[in-house]
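The opening position of the sequence shown corresponds to residue 185 in the numbering used here, with each subsequent residue numbered one higher.
We put the beta carbon where it would ideally sit given N, CA and C, even for glycine.
Quick caveat, the model's predicted, so the values are computed rather than measured.
Have a look at the structure below before the remarks.
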Amino acid sequence: MRTFAQRRGRNVVAALCSTALALALAALPSGSYAAQADPSATVPAAPSTATAATATSAATAQGAPARPSPGPAPDPSLPAHALTRADAPLDNPLKGFARFYQPGGNQNTGYPHSLTWSYFGLSEVMNDSSDCAHYDWDVLDDALDESASYGNQTALRFYIEYPGGSGTHPANAVPPCFAGHVANRTNSYWNTTSPDYDSAYLLDALKDFIAAFGARYDNDPRIGFIHLGLIGLWGEWHTWPYDTDTSGDSYPNLMPTDAHGAEIIKAYDKAFPHTKLEVRYPESGGAAANSLPAIGYHDDSFCFREGSPLAGVTLPASMGGAPYSQLQKALEQGVENRWTTASMGGEVRPEIQSTAFDNWPGGSGAVDNMKACLELEHTTWKMNEGSANYDPNNANVGAAVRQMGYDLTVDHAYFQDTAQGSTKVGVRLTNNGVAPFYYPWTVSLGLKDPSGNVVKSWATPWDLRKAMPVKIRAFPDWGLGADPTYLDHGYPQYFDTSVDLSGVTAGTYQLVMKAKNPLEDVSASAKKLRFANTGQHADGWLALGAMTVGSGTGTSHHYEAEAPGNTLTGTARTADCAGCSGGSKVGYVGNGATLTFTGVDGGSGGTRTVTLQYASAEARSATVRANGGTSRSVSFPPTADWATTGTTTLSLDLNAGTGNTVTVANSSGWAPDIDRITVT
Numbered sequence: 185m186r187t188f189a190q191r192r193g194r195n196v197v198a199a200l201c202s203t204a205l206a207l208a209l210a211a212l213p214s215g216s217y218a219a220q221a222d223p224s225a226t227v228p229a230a231p232s233t234a235t236a237a238t239a240t241s242a243a244t245a246q247g248a249p250a251r252p253s254p255g256p257a258p259d260p261s262l263p264a265h266a267l268t269r270a271d272a273p274l275d276n277p278l279k280g281f282a283r284f285y286q287p288g289g290n291q292n293t294g295y296p297h298s299l300t301w302s303y304f305g306l307s308e309v310m311n312d313s314s315d316c317a318h319y320d321w322d323v324l325d326d327a328l329d330e331s332a333s334y335g336n337q338t339a340l341r342f343y344i345e346y347p348g349g350s351g352t353h354p355a356n357a358v359p360p361c362f363a364g365h366v367a368n369r370t371n372s373y374w375n376t377t378s379p380d381y382d383s384a385y386l387l388d389a390l391k392d393f394i395a396a397f398g399a400r401y402d403n404d405p406r407i408g409f410i411h412l413g414l415i416g417l418w419g420e421w422h423t424w425p426y427d428t429d430t431s432g433d434s435y436p437n438l439m440p441t442d443a444h445g446a447e448i449i450k451a452y453d454k455a456f457p458h459t460k461l462e463v464r465y466p467e468s469g470g471a472a473a474n475s476l477p478a479i480g481y482h483d484d485s486f487c488f489r490e491g492s493p494l495a496g497v498t499l500p501a502s503m504g505g506a507p508y509s510q511l512q513k514a515l516e517q518g519v520e521n522r523w524t525t526a527s528m529g530g531e532v533r534p535e536i537q538s539t540a541f542d543n544w545p546g547g548s549g550a551v552d553n554m555k556a557c558l559e560l561e562h563t564t565w566k567m568n569e570g571s572a573n574y575d576p577n578n579a580n581v582g583a584a585v586r587q588m589g590y591d592l593t594v595d596h597a598y599f600q601d602t603a604q605g606s607t608k609v610g611v612r613l614t615n616n617g618v619a620p621f622y623y624p625w626t627v628s629l630g631l632k633d634p635s636g637n638v639v640k641s642w643a644t645p646w647d648l649r650k651a652m653p654v655k656i657r658a659f660p661d662w663g664l665g666a667d668p669t670y671l672d673h674g675y676p677q678y679f680d681t682s683v684d685l686s687g688v689t690a691g692t693y694q695l696v697m698k699a700k701n702p703l704e705d706v707s708a709s710a711k712k713l714r715f716a717n718t719g720q721h722a723d724g725w726l727a728l729g730a731m732t733v734g735s736g737t738g739t740s741h742h743y744e745a746e747a748p749g750n751t752l753t754g755t756a757r758t759a760d761c762a763g764c765s766g767g768s769k770v771g772y773v774g775n776g777a778t779l780t781f782t783g784v785d786g787g788s789g790g791t792r793t794v795t796l797q798y799a800s801a802e803a804r805s806a807t808v809r810a811n812g813g814t815s816r817s818v819s820f821p822p823t824a825d826w827a828t829t830g831t832t833t834l835s836l837d838l839n840a841g842t843g844n845t846v847t848v849a850n851s852s853g854w855a856p857d858i859d860r861i862t863v864t
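Listed below in structure tokens is the structure:
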């Protein structure tokens with residue numbers, strides 16, 4: 185890391201010679217880029233060839249990720265309603281640009297965004313000189329609350345060393361309780377106090393802090409992303425030039441051992457099972473994060489080129505990158521596909537923020553191929569204070585922001601135009617971004633009346649995280665074709681569920697869908713997740729189409745498969761099922777074994793809608809018949825697993841009264857496991 189950090193620290197001098205950038209950086213806490221380096225130093229040239237690095241990555245790269253399962257096909261019994269695509273908004277939550285937190289400042293100026301970035305000194309929370317287990321969280325809560333009031337989630341990092349201070353946070357953030365227990369060293373290049381990161385006292389205190397941090401803030405809706413921080417300058421996991429590379433200089437190494445760094449990484453992974461985590465380098469802590477799929481990476485020199493000749497510090501050596509570039513290191517560590525499970529954050533290098541998208545989709549000069557950087561890193565978000573000066577109508581920037589992270593479109597909705605009682609609703613969702621959506625936000629369906637009021641809503645079990653990018657860009661190192669080569673990856677994801685219209689007044693409504701930002705429970709200003717569709721409303725609800733609710737009470741009757749009055753023959757038997765209604769189901773139906781529901785209410789008699797709720801990790805079929813009538817053949821698409829239910833609907837003729845039976849069978853194969861039926 186010495187070579188990279190050396191260029192980074194010294195090249196900032198040239199950047200600060202630009203009046204515009206100098207003024208911008210002076211007004212905000214901009215990390216290492218605000219610090220002056222030695223102007224007389226000579227920047228070493230970047231390597232002129234990447235042959236050795238490329239050979240290394242080819243030997244260890246993970247290669248193209250396996251395609252996920254395509255999931256179930258749309259229910260053929262439901263009419264399809266096509267929806268029209270439109271550009272998604274620029275400030276969709278948890279993606280795009282992050283601006284620096286300025287206490288008391290209006291956070292919604294400049295280019296549209298939904299993220300705020302902030303540093304915090306560890307000594308501001310661990311502020312008791314006699315007790316390292318005392319934590320004062322006010323400084324963090326104040327910032328989180330203020331950002332939430334603007335509708336923004338916060339990305340954050342704790343640090344111990346910050347050259348020059350941030351303007352609002354201290355330069356020396358060594359907790360006062362370390363005094364007399366932890367030795368301090370001086371990084372004379374940056375004039376910072378560097379504690380002994382290998383001290384057992386320090387390590388115990390940091391792990392206790394991380395545990396308390398997680399216990400209080402994991403899954404906090406105000407927080408979007410956490411950079412692991414704590415170690416090194418700005419919490420960036422380097423102490424250049426006092427680093428591990430001591431072969432060519434006289435500076436001692438102030439970094440912790442890999443084993444001790446790994447302890448910090450693992451402590452974060454344990455403390456934050458929900459909130460997304462990122463660490464600076466794939467090799468940090470001896471590459472400890474590489475075996476922890478929930479931890480992503482944080483490229484804070486994004487898409488910059490430096491040295492002579494110019495070499496990229498994000499793209500791999502096979503694309504003109506330096507041997508120490510972010511993606512070169514990811515390839516060498518075999519974690520170039522970590523984006524499939526964890527977020528990729530960081531910062532657009534400040535020297536290029538004002539020009540980063542001028543030549544989109546490519547780059548020029550110090551700006552590398554921006555589209556390639558986004559696509560290969562699978563970038564979800566980046567700090568970009570320079571975005572304050574971007575024109576919101578800049579087509580280049582808009583194209584880049586919409587490509588970052590997720591870009592979700594509902595291309596079809598599936599439902600009956602007229603319905604009552606229990607009815608099934610489905611949607612098919614496509615992700616045209618470069619990364620998945622990383623949080624399990626609740627997706628709801630609803631009905632809006634002609635005045636736009638939601639008169640009824642239903643939570644669904646749908647998981648947006650299943651919608652993976654439909655196309656991904658191949659690394660040249662994978663040997664799959666000339667660059668750029670795009671591979672099919674994710675599939676349009678179909679979801680459906682049954683909703684109960686009982687109690688809804690007869691009339692025509694707009695069927696709507698919403699993914700709820702949990703920040704809405706904290707702040708009325710929370711940015712809504714909005715789909716890339718023309719029917720997307722600012723309130724977060726997406727119009728799926730008109731639905732007429734029929735007249736009458738719409739009464740539905742539910743019958744559990746495991747109810748004691750039912751008849752099971754052959755191998756059919758009751759089994760536990762966590763995802764099933766009542767916690768049970770009936771399995772091993774078929775191959776001669778049958779399940780018969782008894783006491784089914786046919787009302788006044790006639791054709792009734794029967795919805796079968798089932799679980800089956802593979803596609804199966806069955807016959808269904810009422811009383812002694814004709815058997816109907818029914819197909820059951822696969823569900824996610826044997827504890828996740830799906831539904832399918834058919835019409836059966838029932839007699840008046842409650843003496844009906846409904847039998848599920850399969851004479852030549854296995855039927856799905858049956859949870860219950862609903863008769864409308």
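C-beta contact flag for residue i and residue j at 8 Å
i	j	result
E561	D453	no
D275	P252	no
S261	T833	yes
P273	R714	yes
D325	N311	no
L390	I479	no
F409	A339	yes
Y590	K279	yes
K655	L629	no
P653	G687	no
Contact belief for residue i with residue j at Cβ below 8 Å, rounded distance in angstroms
i	j	result
V696	V609	About 10 Å separates the two Cβ atoms, so there is no contact after all.
T758	S765	Contact flag wrong, Cβ pair sits at about 13 Å.
N568	F393	N568 to F393, Cβ: 29 Å. No contact.
T498	Q510	5 Å
G294	S571	6 Å
Nearest-angstrom Cα separation, counted from residue j out to residue i
i	j	result
N850	S805	7 Å
P856	D837	23 Å
G663	S492	28 Å
T845	Y693	34 Å
R489	G288	35 Å
F397	E462	15 Å
P249	H673	8 Å
P359	V323	15 Å
T831	V784	18 Å
A236	R341	With a pLDDT of 32 at A236, under the threshold of 50, the modelled position of this residue cannot be trusted; read the value that follows with caution. Distance between the alpha carbons of A236 and R341: 35 Å.
A666	N553	16 Å
A597	L412	41 Å
A643	D680	12 Å
Y675	L515	25 Å
A242	L685	Bear in mind that the predicted position of A242 carries a pLDDT of just 41, short of 50, making it too unreliable to give a figure here.
P440	S372	18 Å
Q600	G729	10 Å
A270	A584	16 Å
G518	A245	4 Å
L726	P256	22 Å
R816	E520	50 Å
G305	Q677	43 Å
G853	H741	29 Å
S707	G335	7 Å
K747	S641	Checking the sequence, you will find Ala at residue 747 rather than Lys. Between A747 and S641, the C-alpha separation is close to 29 Å.
Host beta strand (DSSP E) of residue i (start-end)
i	result
L461	460 to 463
N553	Element bounds for N553: n/a, residue is neither H nor E.
I656	655 to 657
H596	592 to 599
D859	857 to 863
S485	479 to 486
Q246	Here Q246 belongs to no beta strand (DSSP E), and DSSP marks it neither H nor E.
Residue i: first and last residue of the uninterrupted alpha helix (DSSP H) it sits in
i	result
S434	Run containing S434: none; DSSP gives neither H nor E here.
I394	384 to 401
Practice task
For the segment 359 to 371 and the segment 384 to 398, state whether three or more C-beta atom pairs, one from each stretch, are separated by less than 8 Å.
Solution key: Proximity of the segment 359 to 371 to the segment 384 to 398 meets the contact definition, three or more beta-carbon pairs being nearer than 8 Å.
Exercise for the section: Pair every Cβ in the segment 774 to 791 with every Cβ in the segment 744 to 752, then say whether three or more of these pairs are closer than 8 Å. Expected result: Enough Cβ pairs lie closer than 8 Å, so yes.
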